[in-house]
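Residue numbers (mature numbering (1 follows the signal peptide of the UniProt record, and there is no 0)): -23 to -1, 1 to 230. We put the beta carbon where it would ideally sit given N, CA and C, even for glycine. Nothing here was measured: the structure is a model prediction, and the numbers come from that model. Only one structure is covered here, and it is reproduced in the block below.
Okay, here's the thing in structure tokens:
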């Protein structure tokens, strides 16, 4: 028993040394990017941080074993970042991309990883997420288009917004906050929407699956439920247009 314990302690100590050595092999590599880029397409397993700044830059941080497997290519106004490493060989934080851009109009992400976007403002932003990743956004855009598939998640905070359009499919979830004028959302499958902290004048919501939605409208609420999901409406809108088919229900707060 004593020998087994000694072997176990030796194994743990060796594992710690291996992990420490692995941590020391992380490299930072600068990649080419210029101010034309306003669209970013991501694919693979990675952690991505996109920040607003006047001088564009792109850095990749990863273990030296994987950094060559991260491909970056710019085509006109579009930047592609992709990791060749797949499966369970590494976690999303094993590879990190830090991107600084003056302007941003579109981000699409596939695979498994996290994307954090902060500091941007503009006329319109389009977000697309497939797979099991996540997107976090803090920004000011007059129009927001967001689509979510798979089991991913979005946390979006938008100021100075005129119109937000959301398309949720699969089993993903969206949390939306800020202030806007119009929210239009379509939910299918098992997806859920929590927009209680997104105050708008008018909501137009279609719910066709098993998902649930929470919204906040001050003036108009148009709801069309054709599945089993439920909707909670805050804000006490004066004008209410509700159609319910199936077992869905609407609650007013």
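Rounded to whole angstroms, residue 99 and residue 176 show a C-alpha spacing of 20 angstroms. Straight through space, the alpha carbons of residue 62 and residue 43 are spaced by roughly 7 angstroms.
Nearest C-alpha to residue 15 among 84, 217, 49: 84. Taken in chain order, the whole alpha helix (DSSP H) runs of length 4 or more contained in the region 81 to 165 number zero. Residue state for residue 220 is assigned as strand, using DSSP reduced to three classes. When beta bridges are read from the DSSP output, residue 72 appears opposite 39. If you look at residue 178, you'll find it in the beta strand (DSSP E) that goes 169 to 184. Its chain contains 28, 29 as the residues whose beta carbon lies nearer than 6 angstroms to that of residue 96, once the 5 sequence neighbours on both sides are disregarded; these appear in chain order. Taking C-beta atoms as the reference points, residue 109 and residue 128 count as a pair closer than 8 angstroms. By the neighbour-count criterion, in which 16 or more other beta carbons inside 10 Å mark a residue as buried, residue 191 falls on the buried side.
Looking at the DSSP output, residue 228 shares a beta bridge with 209. In its chain, beyond the 5 residues on either side, 59, 60, 88 have a beta carbon closer than 6 angstroms to the beta carbon of residue 21. For residue 39, the closest C-alpha among the options 182, 23, 163 is that of 23. Residue 185 counts as buried, since at least 16 other C-beta atoms from the protein chains shown sit within 10 angstroms of its C-beta. DSSP lists 20, 48 as the beta-bridge partner residues of residue 59.
Contact annotation: residue 104 and residue 74 have beta-carbon atoms that are not nearer than 8 angstroms.
Note on residue 216: under 16 other CB atoms within 10 angstroms of its CB, so exposed under the neighbour-count rule.
Here DSSP, grouped into helix, strand and coil, assigns residue 215 to coil. DSSP lists 171, 209 as the bridge partner or partners of residue 191. It is roughly 32 angstroms from the alpha-carbon of residue 168 to the alpha-carbon of residue 48.
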